[in-house]
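Chains as they are written, first to last, in our numbering: chain A, 1 to 481; chain B, 1001 to 1369. Positions of the beta carbon are idealized from the N, C-alpha and C atoms, including for glycine. Fair warning: this is a prediction, and the values are worked out from it, not measured in the lab. Below: one structure, written as structure tokens.
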Amino acid sequence: MMMMEGVALKFPPLKLFNPNFPTSPATTVTPSLARFALRSFSSSSSSCSASLPISATAGKEADSALGTLSLGHLTRPDFPILHQEVNGSKLVYLDNAATSQKPHQVLKALQSYYAGYNSNVHRGIHYLSAKATDQYELARKKVADFINAEESQEIVFTRNATEAINLVAYSWGISNLKPGDEVLLTVAEHHSAIVPWQLVAQRTGAVLRFVDLDENEVPEVEKLRESISRKTKLVVVHHVSNVLASFLPIKHIARWVHDVGGKILVDACQSVPHIVVDVQELDADFLVASSHKMCGPTGIGFLYAKSDILSAMPPFLGGGEMISDVFLDHSTYADPPSRFEAGTPAIGEAIGLGAAIDYLQGIGMQKIHDYETELANYLYESLSTIPNVRIYGPRPSEKVKRAALCSFNVEDVHPTDLATLLDQQHGVAIRSGHHCAQPLHRYLGVNASARASLHFYNTKDDVDDFINALSETVSFLNSFK
Amino acid sequence: MSSSVSSSFRLLTTRIPVPLSSTKSLFSSSSFKPTLSSPFLISKSISFQRIETRNQSRSPTSISASSSTSLQPVEELPPKLQEIVKLFQSVQEPKAKYEQLLFYGKNLKPLDAQFKTKLNKVEGCVSQVWVRAYLDNDRNVSFEADSDSVLTKGLAALLVLGLSGRPVEEVLRVSPDFAVLLGLQQSLTPSRNNGFLNMLKLMQKKALELYVEAEKGVLESAQSSEGGSVHNELQSSKLESNGDASSSNSTVVGSSSVGEGLVSKKDVKASEFPGLGSRGTRIKEKLEKELDPVELDVEDVSYQHAGHAGVRGSDGETHFNLKVVSKEFEGKSLVKRHRLIYGLLQEELQSGLHALSIVAKTPAEVGAT
């Protein structure tokens, strides 16, 4: 794979890019060039990162002046969907927290599967089914490696993170929670992390407790620590908040809850696509994520759980694949992960997820994280220049990092009006609503908010376009007051 | 010649399944302009000229409607709504359209806080929208609305202005398709996020509810003033809104006190047959149509049975005396004649008609020629 490595390191990789090149890479940087650049970037870190200055100041000018292209510019050509017009304007896609776009490598993997070796897995004898099974299980291994699970049997493929949480709730929750047991959450959790536990609490008599936010609009970690007691059987928390953009110290929380004999379920939907996630380092008992947020196809997600926990869990969905022997009056069940994968899985989609992971690994998650931190700061600062804007979540600083998203409101302007006009008049795609976090919005005292969320294929130019469009839209709406 | 005629006809009329035997009526109907100078001139090469129907005369700019049927003609919309549609069509630039919309919203009379109740709230909106409906003295429905989103408020204003002060039937006939004509790229896909669609539906639902309530009120006052009994099923079947006739049947129970055995001749709704409510009318019409009778008498005698168990809870038209004289009965036994009539009135029997007292004769039997 890295045959060119020696050659690449001989000269600073960026001299390959003529400073006089126009900075719209969609037309100039071919995918092969980009991939070459990516390969050389991901080889050794120190020399590369030094020569890839991504300043937090003005986007276009700095980039062209220094003759550098940001990660966003380099990767954009890989995403066919980004190169289109909507409503007469160039598409500026800023709704990545809702779902991410897919590089052509993933599209190709899906196509290759269905055109080349589509076949049912695990039972077939013939060539195609053997190949499909191999690729499907290889995808499982890729996921395990991606999050540093000990073994691939600790990865259960599900439809998405929501289903994974339901799996834990109905399988582990129902058989482990007793009346009076406590499940600890925060008010900032996604509906998918709350509702399954409400359903299970009703059935088992367990009690749900919620931790509020502190003055920085981040869940109060000290309060969370104090709320953990012998009664706490499970803590369900997000790694990165899809509204507040804040990070939670999962490693510490895991330690606190393990000390009292409880378990932790990490909702990693907004972290796995953007930063390095190491389940062993975090010591997570359960961790869930969705493929479609990490450049993979929809219809597939996964649950990570420690193997001893998984082995003790009863089945969730029953059917083929998850059984060992079936009689008329009873059946015996397979070992995990098969025990929790009833029916024919989303084979092509799992392989697509594997391809997405390859793509991300090709760039390097730390690279992505660093770039997105710069983007996050740039977005936050630019958005703050809009008059009367209120951005939710913590202020970014040296100590406090934010994810590359901002949920916000402009005084006296309804977020839906903003989102509608941004789309119709400027081609900018953001989200308006409660972002599957109604309790959080109620806590913040608002009905809805607007949200712009970025991914590594966004650039500072995208942020500039967004801010300009937003500014115009706000003026337009204010002129009617 | 004739074979080419028939095949070509078929080609031209694929969308209009008219049997060839009635081609004359096809051409005489006003719904399309014949593209041929004479009915049977098909010998030329077949050029498909678009058969213009009324509905296709206004082709909208962008159809995002999920239904495949053509749009409701603009002329069928309430007059003020037509004006609004035309105004938006005359404004070409999207930004100017939005300005127009926001202008309407700005001038919308705000809704009093007391009316911002759960019942008045449009469900499933990302923004908050409330709609209030009331009947004026002429029993036309008027609306008030409000929203915290200015775009939704603009749309609400269009609906309020366009639909207020109109008869309920007209309001219920309005199809949301007209929004496409505004050129605002308003989606018509039913979903909980579709504020405009949900708003219109709520307005129509409220209009219907008000109407039904008003009808009940008139009925009750008519009963107390008459002394006899008025049995009228509300003609809510005529008022079915687009697909949503949820509360269309009232449950007006028959009489208060049994009068002198007089069926009141007064109807709340003017029907074609004085003395008959809607069911009675339907029975009469059905029998006229199917039996082509020489003589037909339909008498509503539900009042005679009011108060007994079978009738309670029904809407009044439960018992009828029928006298039918028709050639259709020739050769049929009495039982068969009764069965024939019951068969024709199946629907009524399943929806509250309790019993019929039937006299079924042939013309010969009554001595008529």
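Report the neighbours of V1126/B on chain A: residues whose CB is nearer than 7 Å to its CB, in chain order.
T416, S432, G433 and A448
If we count the other Cβ atoms within 10 Å of its Cβ and call it buried at 16 or more, is S45/A buried or exposed?
With a pLDDT of only 40 at S45/A, under the threshold of 50, the placement of this residue in the model should not be trusted, and no figure is reported.
With a Cβ-Cβ cutoff of 9 Å, do V272/A and K251/A count as a contact?
No, the pair does not count as a contact, with Cβ atoms beyond the cut-off.
Report the neighbours of D1148/B on chain A: residues whose CB is nearer than 8 Å to its CB, in chain order.
Taking a Cβ-Cβ cut-off of 8 Å, the neighbours of D1148/B in chain A comprise H414 and N447, given in sequence order.
Residue-level contact to chain A via CB, L942/B, 9 Å cutoff:
It is not possible to answer for residue 942/B, since the shown part of chain B is limited to 1001 through 1369.
If you measure from the beta carbon of T1117/B to each beta carbon in chain A, is any gap under 9 Å?
no
Return no unless some Cβ of chain B is closer than 9 Å to the Cβ of F476/A.
Residue contact with chain B for F476/A: present (Cβ-Cβ distance below 9 Å to some residue of chain B).
Buried or exposed: where does H455/A fall if 16 or more other Cβ atoms within 10 Å of its Cβ makes it buried?
buried
Does the beta carbon of K1106/B come closer than 9 Å to any beta carbon on chain A?
yes
DSSP three-state label for I1084/B, please.
helix
N-terminal and C-terminal residue of the alpha helix (DSSP H) that N478/A is part of:
K460 to N478
Would you mind telling me which residues of chain A sit closer than 9 Å to L1291/B, beta carbon to beta carbon, in chain order?
In chain order: nothing, as chain A lies at least about 59 Å away.
Relative to the C-alpha of V211/A, which residue among T204/A, L224/A, A97/A and V237/A is closest?
L224/A
Rounded separation between A442/A and A356/A - CA only:
According to the sequence provided, residue 442/A is Arg. The question's Ala does not apply to it. The alpha-carbon atoms of R442/A and A356/A are separated by roughly 36 Å.
DSSP on N160/A, reduced to helix/strand/coil?
coil
Cβ closer than 7 Å: which chain B residues qualify as neighbours of F316/A?
Ordered by position in chain B, no residue passes the 7 Å Cβ test against F316/A, which lies about 29 Å from the chain.
I want to see whether chain B comes within less than 9 Å of G328/A, judged by CB atoms only; does it?
Before going further, note that residue 328/A is Leu rather than Gly in the sequence given. At a cut-off of 9 Å between beta-carbon atoms, L328/A makes no contact with chain B.
Enclosing alpha helix (DSSP H) for R451/A [first to last residue]:
That residue, R451/A, is in no alpha helix (DSSP H); its beta strand (DSSP E) goes S449 to S453.
Rounded C-alpha distance that separates V200/A from Q270/A:
Here the alpha carbon of V200/A sits roughly 25 Å from the alpha carbon of Q270/A.
Do we get a CB-CB distance below 9 Å when we pair L1181/B with the residues of chain A?
no
At a CB distance below 9 Å, what residues from the region 1071-1098 of chain B approach chain A? Give them in sequence order.
P1094, K1095 and Y1098
Between the CA atoms of Y371/A and I174/A - distance to the nearest angstrom:
In a straight line, the C-alpha of I174/A is about 42 Å away from that of Y371/A.
Could you tell me the distance, in whole angstroms, from the CA atom of L1184/B to the CA atom of N118/A?
44 Å
Quick check on the DSSP output: what are the complete beta strand (DSSP E) runs of length 3 or more inside the region 321-357 of chain A, in order along the chain?
Taking only runs of at least 3 residues, the beta strand (DSSP E) segments lying wholly in the region 321-357 of chain A are 323-326 and 331-333.
Spatial neighbours of T1061/B within its chain, please: CB distance less than 6 Å, with the 5 preceding and 5 following residues excluded, ordered by chain position.
Confidence at T1061/B is low in this model, with a pLDDT of 42, below 50, so its placement is unreliable and the value that follows should be read with caution. Hits under 6 Å: G1183.
Would you say L1200/B faces chain A, with C-beta separation under 9 Å as the test?
Answer no: the Cβ-Cβ gap between L1200/B and chain A never drops below 9 Å.
Could you check where the beta strand (DSSP E) with F1143/B kicks off and where it finishes?
N1140 to S1147
S1142/B versus P1167/B: straight-line alpha-carbon distance, rounded
9 Å
First and last residue of the beta strand (DSSP E) that includes R431/A?
R431 to G433
Min CB distance F480/A to chain B below 9 Å:
Answer yes: the Cβ-Cβ gap between F480/A and chain B drops below 9 Å somewhere.
Please report how far the alpha carbon of H1319/B lies from the alpha carbon of K1289/B, in whole angstroms.
21 Å
Sequence-distant residues of its chain with Cβ nearer than 7 Å to G1162/B (five each side left out):
Exclusion of the five residues before and after G1162/B leaves P1078, K1080, L1081 and I1084 as the residues of its chain whose Cβ lies within less than 7 Å of its Cβ.
Span of the alpha helix (DSSP H) holding D308/A?
S307 to A312
Compare the C-alpha of Q202/A against each of V257/A, L167/A, P179/A and A448/A and name the closest.
Cα-wise, what sits closest to Q202/A is P179/A.
Got a sec: which bits of the region 1149-1182 of chain B sit with their beta carbon under 8 Å from any beta carbon on chain A, in order along the chain?
S1149, V1150, L1151 and T1152
Please report the distance separating the alpha-carbon of R76/A from that of D308/A.
42 Å
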